[in-house]
Every structure is written in C-alpha cells, then in structure tokens.
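Below is one structure, written out as structure tokens; comments come after it.
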Amino acid sequence: ELPAGFSVVESDRRNHLTTNEPTAREVAYREIAATLQTLPSAEFSQALEALAELAEDYPLNDRLCTPSEVREISRSGLIDIGGHTHTHRRLAALQEEDQWADVKRGRDELTDMLGHPPSMFAYPFGTSRSFNRHTIACIRRAGFTAAVTTRPRAVRASSHRYKLPRFVVSASDPNEFERQLACWLHG
C-alpha cells in the first residue's frame, strides 16, 4: 500500500505527491467522462465542442502522434496500427446505429490516414462491459478480422477472435516497461 504522500526530486525541484485522495483535476475528468459516456450522439458532439473551446486556453502536457507520424510508424512494419472508434465512447452504452457510426467513422478516418484499412480493433476501455454482441457485429461488418480487450491474459488457440486478451502497456518509462514485460513473461 502506498503512503499517504511522498516527495519526488526532479532536476533540483521537489514535488510532494499525495496518494490518498484524487486531485480535483482527476475528479473532474472522471465525472466528465462518466457523463459523456451516457449522452446520445448529438449531445455528445455538442459537449465535446464546448470542452474543446474551454481547453484552447490549456496546452496539453503530452501530445498525440500526428497523421504523418502514424503513417511513418505503420510503414516501418514494426507496429501494426489498429482501429478504435472516432469518439472513444463505451460502445455497449450506445444504440446499435450509434455504435456502427462510431466504429465506421474511426475505421474510415484511419483508412484515409494509413492508405489501407486496419485489420485489428481495440475496444475503448476494453472491459467486458464496454462491448456487447451488437458491438462485435459492428466490428465484423466494418471488416476487422479480430478485436482486443484489456483482459490481461495470453492469447490461446481457443481465444475468441473478437474478444482477444492483451496486456496493456501503461508505462512510458523504459525501465518500468521492462519490469512489466518480465512480470508478464515470467510471472
């Protein structure tokens, strides 16, 4: 169990971090995300536009890959870029037609970016509650050959092709990634 707080020294700068309570930013994020997940598509789009306007005054600390960087990664052959959705909503909470629209738009945008359709799909959130049989039907209809969850298991010959387990890499630090990999491989 983590202590209630600890200090981190980084480049002669000391930061005190608390672990016993979420920050106001984390609480706000969770509340906004939970609310967005339940909105109908039209209201969801309006809410995202309003949030985007608010966010213009707050620069991101982490940046996403640009489309040209995604194409370069894909062309390298080292990484297979798979599909997701356009809005990253919990698909099982949506009506079938909204699931299809979100999956299709995400696939079409990625196809345009890569120059070829993606073959794999990753469910937003990846839990068993984040997709359903209608979602799987949409994924198949969109032409994906398989889909991954966030269930941390090894893929077996008997694994369902549209419910594949995977290990989620959450570490950006190479040493932490090495530790995670060792745990997955050696237990």
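Each residue of the sequence shown is one higher than the last, beginning at 137 in my numbering.
Heads up, the beta-carbon is just placed ideally off N, CA and C, and yes, glycines get one too.
Remember, predicted model here, so these are calculated numbers, not experimental data.
(1) To the nearest angstrom, report how far apart P139 and V284 are at their CA atoms.
(2) Taking buried to mean at least 16 other C-beta atoms within 10 Å of its own C-beta, is Q173 buried or exposed?
(3) So, A164 versus H220, is the Cβ gap smaller than 8 Å?
(4) Determine the direct distance from the alpha carbon of M256 to that of T159, and round the result to whole angstroms.
(5) Give me the Cα-Cα distance between L321 and P253, rounded to the nearest whole angstrom.
(6) Mind checking D248: buried by the 16 CB within 10 Å criterion, or exposed?
(7) Mind checking whether R324 and T286 have CB atoms under 8 Å apart?
(8) K299: which of S306, I272 and C319 sits nearest, CA to CA?
(9) Expressed to the nearest angstrom, what Euclidean distance is found between the alpha-carbon atoms of S210 and R243?
(10) So what's S306 in DSSP terms, helix, strand or just coil?
(11) Within the continuous alpha helix (DSSP H) that includes A282, where are the two ends?
(12) Opposite A258 in the DSSP bridges: which residues?
(13) From the DSSP output, which residues share a beta bridge with L300?
(14) How about D234 and S177: do their beta carbons lie closer than 8 Å?
(15) Alpha carbon to alpha carbon, what distance is there between H270 and E232?
(16) Across which residues does DSSP place G219 in a beta bridge pair?
(17) Once the 5 residues before and after H222 are set aside, which same chain residues still bring their CB inside 6 Å of it?
Reading it off the structure:
(1) With a pLDDT of only 47 at P139, under 50, the local geometry of the prediction cannot be trusted, and no value is derived from it.
(2) With 16 or more Cβ atoms within 10 Å of its Cβ, Q173 is classed as buried.
(3) No, Cβ-Cβ distance for A164 and H220 is not below 8 Å.
(4) Straight-line Cα distance between these residues: approximately 35 Å.
(5) When the Cα atoms are used, L321 and P253 turn out to be separated by approximately 31 Å.
(6) Exposed.
(7) Nothing about residue 324 can be read from this structure; the chain reaches only from 137 to 323.
(8) When only C-alpha atoms are compared, the closest one is I272.
(9) Their backbone Cα atoms lie some 15 Å apart in a straight line.
(10) It is coil, neither helix nor strand.
(11) Looking at the DSSP string, A282 is not in any alpha helix (DSSP H); the run it does join, the beta strand (DSSP E), is A282 to V284.
(12) A258 is bridged to V284.
(13) Beta-bridge pairing by DSSP links L300 to V284.
(14) Their beta carbons are under 8 Å apart, which means D234 touches S177 by this criterion.
(15) Straight-line spacing of the CA atoms in E232 and H270 works out to 6 Å.
(16) F257.
(17) Taken in chain order, the residues that qualify are D238, R241 and G242.
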